[in-house]
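*Asks:* Going by this note's numbering, the sequence shown opens with residue 493, and the numbers climb by one from there.
C-beta atoms are modelled at their ideal positions from N, C-alpha and C, and glycine is treated no differently.
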Amino acid sequence: MRCDGLRPACGQCVRAERAEDCEYLDGPGPTQNQILEGRIAEIEGRIAQITAESAPLTLVDPYAAWRQAQRNAEQSRRDPMRSLVRSFFQSAAEFGFFLHIHRFLDRVFYPSATGAHSLRILRNVIHLIGAKLLNDPQEQAYLTRALQEMPTATALREDPASALYVMQAEVLLANYFYNGGRQLEGVYHTNAAVSIAVASRLHMIRSSRRSRTAADANTYSLPMPADTLEEGERINGFWTVFILDRCWAIASGSAPAFTDDEAMGTQIDTPWPMDLTHYQSHPFPSDFRSSRTLKSFIAGTDGDANMATQSLLATQAKAAILYEGATRLASRYGPSSHSSFRALDDRIERFKHALPRIERFDPTRADIVRAALFTHTLAHCASIQLHTPVVQQLTANSPTYQAAHAAVRDLRNLSDIRVLTCVNPFMGILWASVARVITQGIATGRRLRAAGGAAPSQSPPDENTLLSELSRILEAMEQNAPLSPLMSAQIALFRSSPRSS
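1. Taking 7 Å as the cut-off, is the beta-carbon of P827 closer than that to any non-hydrogen atom of the ligand MN?
2. What do you get for G724, buried or exposed, if any count of 16 or more other CB atoms within 10 angstroms of its CB means buried?
3. Sort out for me which residues DSSP pairs S782 with in a bridge.
4. Find the nearest neighbour of D779 within the set D719, S700, L847, T801, judged by alpha-carbon distance.
5. If you compare alpha carbons, which of T720, S654, I613, S788 is closest to Q759?
6. Compute the distance between the beta-carbons of L576 and H619, then report whether it is under 8 Å.
7. Say whether the segment 888 to 901 touches the segment 952 to 967, bearing in mind that this needs 3 or more beta-carbon pairs closer than 8 Å, one atom from each stretch.
8. If we call anything under 8 Å between Cβ atoms a contact, is A809 one with I735?
9. According to the neighbour-count rule (16 or more other Cβ atoms, all chains shown, within 10 Å of its Cβ), is H845 buried or exposed?
10. Could you pull the start and end residues of the alpha helix (DSSP H) that L978 belongs to?
11. In whole angstroms, what separates the C-alpha of A684 from that of M756?
12. State the DSSP-derived secondary structure class of I760, mapped to helix, strand or coil.
13. Would you mind working out which of S890, A943, D767, V911 sits nearest Q932, comparing C-alpha positions?
14. Span of the alpha helix (DSSP H) holding N667?
15. According to DSSP, is V690 helix, strand or coil?
16. I think S875 touches N671, with their Cβ atoms under 8 Å apart; what is that distance to the nearest whole Å?
17. Give me the Cα-Cα distance between V600 and H592, rounded to the nearest whole angstrom.
18. Which of the three DSSP states is assigned to F996 in this structure?
19. Between E677 and D752, what straight-line distance do the alpha-carbon atoms span, to the nearest angstrom?
20. Which residue comes first and which comes last in the alpha helix (DSSP H) that contains D873?
21. For P855, which residues of its own chain have a beta-carbon under 6 Å away from its beta-carbon, when the five flanking residues on both sides are left out?
22. Starting from I909, trace the alpha helix (DSSP H) both ways and give me its first and last residue.
23. Quick check: the segment 582 to 589 against the segment 630 to 638, are there 3 or more CB pairs under 8 Å?
24. Three or more C-beta pairs closer than 8 Å, one from the segment 762 to 772 and one from the segment 691 to 700: is that the case here?
25. Assuming G729 contacts M642 under a Cβ cut-off of 8 Å, what Cβ separation, rounded to an integer in Å, is found between them?
26. Can you give the Cα-Cα distance for H830 and A791, rounded to whole angstroms?
27. If we ignore side chains and look at the alpha-carbon of each, how far apart do Q877 and A858 end up?
28. Which residue comes first and which comes last in the alpha helix (DSSP H) that contains P572?
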């Protein structure tokens, strides 16, 4: 069947529900998939050269590898393992992949004697998620293999250099289970990732303090990072685990595992994460030290003026701090907490105001758009969480509705909602929170009208507006539902909502 040339995705791909995979080759350079396939082809070519000639490595023209990858495109797609890897890396960020992709691929094909097992563990999990995204009938077999090979804490102490790869595997497994609606198993793997991070002292990277943690006897003695990029992987890995822990602790009704408690020696001093390339181009000075990272942010002393230059991972971590803090404060809200309430409310509003608007991000980079949307939605839901206990009745001016309205506005500012085919699993929790506010407004309005109306200042938003906003939220959720049992379950909760009455 011929391509009809429609953009951003052709009709054939749209009808096959593969719009996100539709890419045109007439752009200014190779697409993301071409870059990845070219990298894999280059590595495979190097392996073939070593096997056939037993000769030293020689430099390879990357453009030649790319061209060769295009000539072998059909063969590549027929290769099951390559298809799984390719599928995974199209949505790697949504599942919490924090390693440098090209370096990781190099190490997968050229593992050292001490790292081969941990790389195989991680590769198994990547195959599992790739199978999930492709609806591969062998998904259960990949899951069984991935779980069987996960190491014990004792094994990690014997091989501490593998800790980062195992932590990465635990993060991916946690998000896999959360996405599948299997929260208990997700929490288990989240806690495993947190344990590795704490035992590896990743919360104290570049710390100005000596470690005083009570768990020092059980720590992993990680070797010094080989270079600035490896240090960056550790920093970004810590913050990825931190976000996972902060968000899903709220969803599961438990306390976060990261305590940030100076008395316990668990204060978080690790600097904010950067894009991985920045660790190479703008490395930290050798004498750079960091301390009280979370406390400085909450107090507002590190400022929000340069938010547009911060990494998306850093803004996600900050939004997660506000979201968890708002939920915790709201759960114990009372007259004595009014000043803390006002201070946190002001901090959230300043943070949201400083965030770059969604429409400023390159619409052709679906991964970046999704990451920015996650940050924005998490921040809006922080406002919803904080104000829910004190809002007696939803009105057009109530803080909870204003936050929900802003979350829907961000969705409407997307140039193509199909970028939401695969999203961070926690978006299912966040969008459900927004939808609850909107359905509450619909129910309140109908109740007031049945009772004879209300004063204009007490009236909820116009019902048609609310129904339109609820429809947009559900439309966004439905984009992801085919790949996410969690999202499907959240949608089912709203099928009997007032919009269908």
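*Replies:* On the basis of the supplied data:
1. This structure lacks the ligand MN; in fact it carries no ligand of any kind.
2. buried
3. S699
4. S700
5. S788
6. yes
7. The segment 888 to 901 is in contact with the segment 952 to 967.
8. yes
9. The residue in question, H845, is exposed, as its Cβ has fewer than 16 Cβ neighbours within 10 Å.
10. 977 to 985
11. The straight-line gap from Cα to Cα measures roughly 20 Å.
12. Note: I760 maps to coil in three-state DSSP.
13. S890
14. 655 to 671
15. Residue state, collapsed to three classes: helix.
16. Actually they are not in contact, since the Cβ atoms of S875 and N671 sit about 26 Å apart, beyond 8 Å.
17. 12 Å
18. Coverage of the chain is limited to positions 493 through 993, which leaves residue 996 absent and any answer about it impossible.
19. 25 Å
20. In the sequence on display, residue 873 carries Cys and not Asp. Start and end: 858 to 879.
21. When the five nearest sequence neighbours on each side are left out, the beta carbons in the same chain lying within less than 6 Å of the beta carbon of P855 are those of S907, in order along the chain.
22. Segment: none, I909 is in no alpha helix (DSSP H) and carries neither H nor E.
23. no
24. In this structure the segment 762 to 772 lies against the segment 691 to 700, because at least three pairs of beta carbons, one per stretch, are closer than 8 Å.
25. About 17 Å separates the two Cβ atoms, so there is no contact after all.
26. Going by the C-alpha atoms only, they are around 17 Å apart.
27. 28 Å
28. Going by DSSP, P572 is part of the alpha helix (DSSP H) stretching over 572 to 582.
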